[in-house]
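Note that our numbering gives residue 89 to position 2 of the sequence shown, counting from 1, and the numbers run on in steps of one. Structure, as structure tokens:
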Amino acid sequence: MKDMMKYKEYYGSVHYSDEDRVFYGKIEFVRALVSYEGTDVESLRRAFEDAVDDYLDTCKEQGREPEKPFKGTFNVRIGPELHQRVAVAAAQHGVSLNSFIADVLKRETEVPQVGKDPGVKTGKRSKKELAA
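Now the structure itself:
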């Protein structure tokens, strides 16, 4: 993943400030603001992992559950016309709206297999294909 690190199911951003000559980032996909910095790749990585560990330790000390980056649910605002088209397509496939959308998202976010030609673009489907 570009400009991201992963540790214990948490993702951290990677940025560079030329003015300060420092790498920096924050834990992404959680509401808590947990940031870190380093002067090189190794120190940034260590600082990120330490920040995740500190966040988890702090939550434990305070007796609260740490926020999970991905809960498996999210709201999407798509407008009434698209909502109708997607609901009809799901019904035509004999599946729930949730299952239909999950299938489309899985298909659209598949990771290309190792050895595939990187010049070949994948993931683009017509509206007709998405509704089929």
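Even for Gly, the Cβ is constructed at its ideal location relative to N, Cα and C.
Collapsing the DSSP output to three states places LYS95 in coil.
Around the beta-carbon of GLY112, 16 or more other beta-carbon atoms lie within 10 Å, marking it buried. Residue nearest to ARG108 within the set ARG118, GLY99, SER100 and ASP127 is ASP127 (criterion: CA-CA distance).
Secondary structure of ILE188 (DSSP, three-state): helix. In the assembly as shown, GLY99 is a buried residue. Its beta-carbon has 16 or more other beta-carbons within 10 Å.
Taking C-beta separations shorter than 8 Å and ignoring five residues to either side along the sequence, the partners of ALA134 in its chain run TYR123, GLU124 and GLY125, following chain order. Distances from the alpha-carbon of THR160 to those of ALA138, SER130, PHE116 and GLU136 put PHE116 closest.
Looking at the DSSP output, LYS113 bridges to SER122.
Nearest in C-alpha terms to LYS95, of all of PHE110, ASP105 and TYR142, is TYR142.
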